[in-house]
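Please read the structure below before turning to the comments.
2 protein chains.
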Amino acid sequence: MNPLSKKKAYHHGDLRSALVQATLQLVALRGPRGFSMTEACRQAGVSATAVYRHFANKEAILAEVARQGFDQLTGDLRLVLDSIESDNYRRRLVETGLAYVAFASSHPAHFQVMFGAGLDKEGHPECQESGETALQILIDEVARAVAGGALPATKASTAITTLWATVHGLAMLDLDGIKSKKQEMLEFDIPACLEAVVHGICS
Amino acid sequence: MNPLSKKKAYHHGDLRSALVQATLQLVALRGPRGFSMTEACRQAGVSATAVYRHFANKEAILAEVARQGFDQLTGDLRLVLDSIESDNYRRRLVETGLAYVAFASSHPAHFQVMFGAGLDKEGHPECQESGETALQILIDEVARAVAGGALPATKASTAITTLWATVHGLAMLDLDGIKSKKQEMLEFDIPACLEAVVHGICS
DNA sequence: CGCATGATGTTAATGTCGTCAACATAGACT
DNA sequence: AGTCTATGTTGACGACATTAACATCATGCG
Numbered sequence: 006m007n008p009l010s011k012k013k014a015y016h017h018g019d020l021r022s023a024l025v026q027a028t029l030q031l032v033a034l035r036g037p038r039g040f041s042m043t044e045a046c047r048q049a050g051v052s053a054t055a056v057y058r059h060f061a062n063k064e065a066i067l068a069e070v071a072r073q074g075f076d077q078l079t080g081d082l083r084l085v086l087d088s089i090e091s092d093n094y095r096r097r098l099v100e101t102g103l104a105y106v107a108f109a110s111s112h113p114a115h116f117q118v119m120f121g122a123g124l125d126k127e128g129h130p131e132c133q134e135s136g137e138t139a140l141q142i143l144i145d146e147v148a149r150a151v152a153g154g155a156l157p158a159t160k161a162s163t164a165i166t167t168l169w170a171t172v173h174g175l176a177m178l179d180l181d182g183i184k185s186k187k188q189e190m191l192e193f194d195i196p197a198c199l200e201a202v203v204h205g206i207c208s
Numbered sequence: 006m007n008p009l010s011k012k013k014a015y016h017h018g019d020l021r022s023a024l025v026q027a028t029l030q031l032v033a034l035r036g037p038r039g040f041s042m043t044e045a046c047r048q049a050g051v052s053a054t055a056v057y058r059h060f061a062n063k064e065a066i067l068a069e070v071a072r073q074g075f076d077q078l079t080g081d082l083r084l085v086l087d088s089i090e091s092d093n094y095r096r097r098l099v100e101t102g103l104a105y106v107a108f109a110s111s112h113p114a115h116f117q118v119m120f121g122a123g124l125d126k127e128g129h130p131e132c133q134e135s136g137e138t139a140l141q142i143l144i145d146e147v148a149r150a151v152a153g154g155a156l157p158a159t160k161a162s163t164a165i166t167t168l169w170a171t172v173h174g175l176a177m178l179d180l181d182g183i184k185s186k187k188q189e190m191l192e193f194d195i196p197a198c199l200e201a202v203v204h205g206i207c208s
């Protein structure tokens, strides 16, 4: 069945993806609070209860959006890291952070759902797993720096926490900054911030 | 009129505070998503629409909670800074960060509403103002470090952004960590993180 | 080929919620 | 006492999340 030829097919064809798409649009437009299943269904041209054939409840659709976001983030981080010489440890850490912030900046709706929607990750194992996979990249990267002698092993744990916290905080400030004028007074030299933090944890 | 003596007074006596209290309890219990005005009113022993005599809408009550949170945070930060010698610049920066994380940890509901509820601060000037007052403490502290020669003036802006992002990220990780077991594998040596960051931005 | 079956959508119904309008009460000021 | 205003209440409405019962279609089995 070709979904392009039929205008009013009883079955949608790919409702699941369409609903995820609609969710992203709505979150981008009205924030995670403003999103409603009913409206997502309307946007997909489908009845308000059709969503339950694909998602158990509202949380589940948000969890799926978050999961896709984590997967994409993982891909972005891997792509960046693959393009850097493997022995330039500090640069790898800085670029990892930059890629994280860049992801948040270019996929704000995803990022908001991933972190700002109060999702109970415990109840959505595949979402949690995707999140942990992304985090693991940072952990591995720090381990690589330790193995290469760029970072004392005793500081590894602190380094992970510090880097993670900083990039996460930078991403939030970046997103908020889009809305708030006051914050634009602060120049957001994100590379400089990350250089400073990497320098701080490596020395 | 003594509110303790009357069991069924038609007027509540201090409904506004009671509603704010109830909001905090509900957010602590069910997260910012789970909070409902109706339930807050129930908890305050009052009809579902009584809230509109005190708050324009749902956003407004959350904005008030956030405002009180920012004010308390400002007080906490000032208290800590007042207790430290004025020329120990790095220690002041570290302690400021610690106080920020401590606030988030001991007032999780406030913190979630302040940052994790998708509040439109533009629409609530007094909330926004309280938030900026808290931020200003950090800005002033960095300025003090610059004036004291502990930090080159060219790095002031980067220092503010980095510190803010890091403490904010640490606070989020700390809150998430309460729920997620996986993250507890990472030791959260927050003082060490802040020492590293302060060292990084000051040198 | 023709039908059974499961996957996918629809309509109907229920309870909750946010919000408004109209009405009620009580404490304060004249 | 009598009026005014702040504060609560009831009633109503539309949006929403969710469930149950029914409809349609695609697919594979005979």
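Listed in order, the protein sequences are those of chains A and B.
The first sequence runs contiguously to residue 208 in the working numbering.
The second sequence runs contiguously to residue 208 in the working numbering.
Beta carbons are placed, not taken as given, at the ideal position from N, Cα and C, and that holds for glycine.
Starting from the beta carbon of proline 37 (chain A), find every residue of chain B whose beta carbon is closer than 7 Å, and list them in chain order.
Gly123
Output, in chain order, the set of chain A residues within a Cβ distance shorter than 7 Å of alanine 3 (chain B).
The requested residue 3 (chain B) does not occur in the structure, where chain B is confined to residues 6 to 208.
Measuring straight from C-alpha to C-alpha, what distance separates valine 202 (chain A) and leucine 31 (chain B)?
37 Å
Identify, in the order they occur along the chain, each residue of the same chain with its Cβ nearer than 8 Å to the Cβ of glutamine 141 (chain B), setting aside the five sequence neighbours on each side.
none
Hey, would you say glycine 136 (chain A) sits closer than 8 Å to phenylalanine 75 (chain A), going by beta carbons?
yes
Let me know the secondary structure DSSP gives alanine 49 (chain A) once reduced to three states.
coil
Could you check if lysine 184 (chain A) is buried or exposed, using at least 16 other CB atoms within 10 Å of its CB as the buried criterion?
exposed
Only counting the same chain, and skipping five residues up and downstream in sequence, which positions put a Cβ closer than 6 Å to that of glutamine 48 (chain B)?
Ala27
Would a C-beta distance cut-off of 8 Å place alanine 68 (chain B) and leucine 124 (chain B) closer than the cut-off?
yes
Counting only C-beta atoms, is alanine 197 (chain A) closer than 8 Å to chain B at any point?
yes
Using 8 Å as the threshold, is the C-beta distance between cysteine 198 (chain A) and leucine 180 (chain A) below it?
no
8 Å contact criterion, which isoleucine 66 (chain A) and valine 56 (chain A) should meet: CB distance rounded:
7 Å
Where threonine 54 (chain A) falls, given that 16 or more other Cβ within 10 Å makes a residue buried:
exposed
In three-state DSSP terms, what is valine 203 (chain A)?
helix
So, under 8 Å CB-CB, isoleucine 195 (chain A) and leucine 103 (chain A) are touching, yes? Tell me the CB distance rounded to an integer number of Å.
7 Å
Min CB distance methionine 119 (chain A) to chain B below 8 Å
no
Excluding five sequence neighbours on each side, which residues of the same chain lie with their C-beta closer than 6 Å to the C-beta of histidine 129 (chain B)?
Ala68
In chain order, what residues of the segment 166 to 178 of chain B put their CB closer than 8 Å to some CB of chain A?
Thr166, Thr167, Trp169, Ala170, Thr171, Val172, His173, Gly174, Leu175, Met177 and Leu178
Can you pull the chain B residues whose beta carbon is under 9 Å from the beta carbon of leucine 104 (chain A), in chain order?
Residue identity check: residue 104 (chain A) is alanine in the sequence provided, not leucine. Going along chain B, no residue has its Cβ under 9 Å from alanine 104 (chain A), so there is no contact; the nearest lies around 16 Å.
Give me the chain B residues within the contact set of glutamate 192 (chain A), using Cβ-Cβ distance strictly less than 7 Å, ordered along the chain.
Ser162
Could you check whether the Cβ of glycine 205 (chain A) sits closer than 8 Å to any Cβ belonging to chain B?
yes
Mind checking whether leucine 24 (chain A) and alanine 114 (chain A) have CB atoms under 8 Å apart?
no
Rounded separation between threonine 79 (chain B) and valine 118 (chain B) - CA only:
16 Å
Does chain A have any CB closer than 8 Å to the CB of alanine 114 (chain B)?
no
Distance, Cα to Cα, glutamine 133 (chain B) vs glycine 121 (chain B)?
15 Å
Anyone know if the C-beta pair for valine 151 (chain A) and valine 106 (chain A) falls short of 8 Å?
no
Would you identify the three-state DSSP class for isoleucine 89 (chain A), choosing helix, strand or coil?
coil
Using a Cβ-Cβ distance under 8 Å, would glutamate 127 (chain B) count as near chain A?
yes
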